[in-house]
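Numbering (UniProt numbering), first residue to last: 1 to 131.
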């Protein structure tokens, strides 16, 4: 609500809902070998539309994926959302958020750069799902 003035709906399901049938964000936690990993996904835009319209939000019948763009009717971009999202995340968790400098080579930055290279070699995203 803070960034876009969107009213959220309570739900018995995990995630963030705009109404009982529209999910805008998901969260997840994995525990494996006594290690946890966790993350979230926020739908900023509804592109590419042919993919987005096929999403069954977390397998919930009758629940569709929503986005900030579709809920506000305003143009938004992922790049434009990142600074505010990072700031709010840090504030919420009481942490100073620091930009990762990929030029400082170490195992973590090397792994990130390798994944970026692999993604680039795979070419552009498909424009629509295969039917």
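All residues carry an ideal CB built from backbone N, CA and C; glycine is no exception. The structure displayed is predicted, hence computed values, not measured ones.
Sequence-distant residues of the same chain with beta carbon closer than 8 Å to residue i, five excluded per side
i: residue 50; result: 127, 128 and 129
i: residue 62; result: 21
Helix, strand or coil at residue i [DSSP, three-state]
i: residue 66; result: coil
i: residue 14; result: coil
i: residue 72; result: helix
i: residue 19; result: strand
i: residue 86; result: helix
i: residue 9; result: strand
Beta-carbon contacts of residue i that lie in its chain and below 6 Å, excluding the five residues immediately before and after
i: residue 71; result: 6 and 18
Residue-level contact to chain C via CB, residue i, 7 Å cutoff
i: residue 58; result: The structure shown has no chain C; it contains just one protein chain.
Beta-bridge partners of residue i, as assigned by DSSP
i: residue 29; result: 38
Proximity below 7 Å, CB of residue i to CB of residue j
i: residue 55; j: residue 68; result: no
Contacts around residue i, its chain only, beta-carbon distance under 7 Å, and the 5 residues preceding and following it disregarded
i: residue 29; result: 36 and 38
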